[in-house]
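Enquirer: Here it is, the structure, as structure tokens.
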Amino acid sequence: MRIVIAALFSFVISAVAGKLLIPVLRRMKAGQSIKEDGPTWHMSKQGTPTMGGLMFIFGILTTLVVIGAPDILAGDYRAVFIFLFALVFGVIGYIDDYEKVKKHENTGLTAGPKFLLQLAAAIAFTTLLRHFGYLAPHLYVPFFNVTIELPWVVYMVFAAFVMVGTVNAVNITDGVDGLSSSVTLPVAAFFALAAWCWQLLDLGVFAGALFGGLCAFLLYNHYPAKVFMGDTGSLFLGGAVCGLAFAFDMPLILILVGIVYIAETLSDIIQVVYFKATHGKRIFKMAPLHHHFEMCGWSEKKVVGVFTLVSLLFCALAFVGILGRYGFLMTNIPG
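Have a look at this one:
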């Protein structure tokens, strides 16, 4: 019940925050600069307020303080650590957005400093979870119900790679109105359901708050978008998703629940590599993948709908894959 309350509370707070935030962003002229190498019709989005991710970040924070207080007071800080981890990425994204708005172009922080900041955040988060006993150096393999032990050094390298990769993959996915938030809804629901089944209610409150905050954000971000989440929101979102996966101690589940993020990123990498190798030829009409389907004639609504359905199906598959970890007995589920 507390997970549902967290989702509803976060929805209300985020929705109200959005109502207040969007006019402020407009007055600040915090408009998004659109890339010229994207679909030509996206140029009509030029000037749409960005940094809208602040609304669900605030909603999640407020929910943790109000609904998550019993867990925090009891000494369980996992949800707090996930939020702080995601917030660091959100701050990096905010700086990036601010630079773009100030320069009136789609280039913010340079790749080097951004990567180093993200890497530092990943290492700090992993170290923190390890210090408090929330993390062990092993990989749970879904479906096979086996665990692969790793040396801590190897695990740290793996964790940093996965965290930085996931965060940037979510950022790449944020290229169509409502896409990144919509495909993340099933991911948040997956973690909320897993937390409910296995009584990890502190993580459930965070996942529920994430779900509610994204639902509220979609009130303003569905096509045609009144606001974009910006790197502020997309980097925070990526941090929240991979933070949950590691706090649940099953990072490999990201292969399933993050299938859309992975497909988007791989399409971008494949396009660049193939373009350079063939001296100008392309596999996709445009990368990342959502732009390819747009160029094939799909509307933004269709792209969002199909990608969200794919995310939902793979999240359902992921849930089946983790049932063997704890044993799915009715006695595990609270009445």
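Counting from 19, one number per residue, gives the positions in the sequence shown under our numbering. Heads up, the beta-carbon is just placed ideally off N, CA and C, and yes, glycines get one too. Note that the structure is predicted; figures quoted are calculated from it, not measured.
(1) What number of angstroms, rounded off, separates the C-alpha of residue 310 from the C-alpha of residue 326?
(2) What's the gap between the Cα of residue 246 and the Cα of residue 81?
(3) Between the Cα of residue 276 and those of 256, 339 and 314, spot the shortest distance and give me the residue it belongs to.
(4) Taking all protein chains shown into account, decide if residue 28 is buried (16 or more other Cβ within 10 angstroms of its Cβ) or exposed.
(5) Run through the DSSP bridge pairs and tell me what residue 167 is partnered with.
(6) Hey, out of 105, 339, 139 and 141, whose CA is closest to residue 274's CA?
(7) With a threshold of 16 other CB atoms inside 10 Å of the CB of residue 317, please say whether the residue is buried or exposed.
(8) Ignore the nearest five residues each way along the sequence and tell me which others in residue 32's own chain have a CB closer than 6 Å to its CB.
(9) Going by alpha carbons, who is nearest to residue 238 out of 341, 199, 116 and 226?
(10) When you compare only the Cα positions, how much space is there between residue 89 and residue 154?
(11) What whole-angstrom Cβ distance do residue 243 and residue 286 have, given they're in contact under 8 Å?
(12) Could you please give the first and the last residue of the uninterrupted alpha helix (DSSP H) stretch that includes residue 44?
(13) How many angstroms separate the CA atom of residue 166 from the CA atom of residue 329?
(14) In the structure shown, what three-state DSSP assignment does residue 67 receive?
(15) What residue range does the alpha helix (DSSP H) around residue 206 cover?
(16) Using C-beta distances below 6 Å, list every residue in its chain close to residue 103, excluding the 5 sequence neighbours before and after it, in chain order.
(17) Pull up the CB-CB distance for residue 69 and residue 115, whole angstroms please, since I reckon it's below 8 Å.
(18) Does the Cβ of residue 269 have 16 or more other Cβ atoms within 10 Å, making it buried, or fewer, making it exposed?
(19) Is it true that the CB of residue 229 sits closer than 7 Å to the CB of residue 207?
(20) From residue 168 to residue 157, what distance separates their C-alpha atoms?
(21) Cα separation between residue 149 and residue 174?
(22) Which residue from 279, 265, 324 and 323 puts its Cα closest to that of residue 96?
(23) Taking residue 296 as part of the alpha helix (DSSP H), name the residues at either end of that continuous run.
(24) Taking 7 Å as the threshold (C-beta atoms), are residue 112 and residue 188 in contact?
(25) Do residue 141 and residue 282 have their CB atoms nearer than 7 Å?
(26) Quick test of your reading: residue 241 and residue 319, contact by CB under 8 Å. State the CB separation rounded to the nearest angstrom.
(27) Taking residue 224 as the reference, which of 295, 84, 315 and 49 has the closest Cα?
(28) Check the DSSP bridge columns for residue 49 and list the partner residues they point to.
(29) Taking all protein chains shown into account, do 16 or more other C-beta atoms lie within 10 angstroms of the C-beta of residue 50, making it buried, or fewer, making it exposed?
(30) Out of 41, 284 and 215, point me to the one whose CA is closest to residue 342's CA.
(31) Taking only the alpha-carbon atoms, compute the straight-line gap between residue 298 and residue 304 and give it to the nearest angstrom.
Expert: Checking against the coordinates, here is how it stands:
(1) 16 Å
(2) 22 Å
(3) 256
(4) buried
(5) 156
(6) 339
(7) exposed
(8) 73, 74, 77, 231 and 234
(9) 199
(10) 21 Å
(11) No, residue 243 and residue 286 are not in contact; Cβ-Cβ is about 22 Å, not under 8 Å.
(12) 20-45
(13) 26 Å
(14) strand
(15) 197-215
(16) 143, 257 and 261
(17) 5 Å
(18) buried
(19) yes
(20) 8 Å
(21) 13 Å
(22) 265
(23) Segment: none, residue 296 is in no alpha helix (DSSP H) and carries neither H nor E.
(24) no
(25) no
(26) 5 Å
(27) 84
(28) 67
(29) buried
(30) 215
(31) 13 Å
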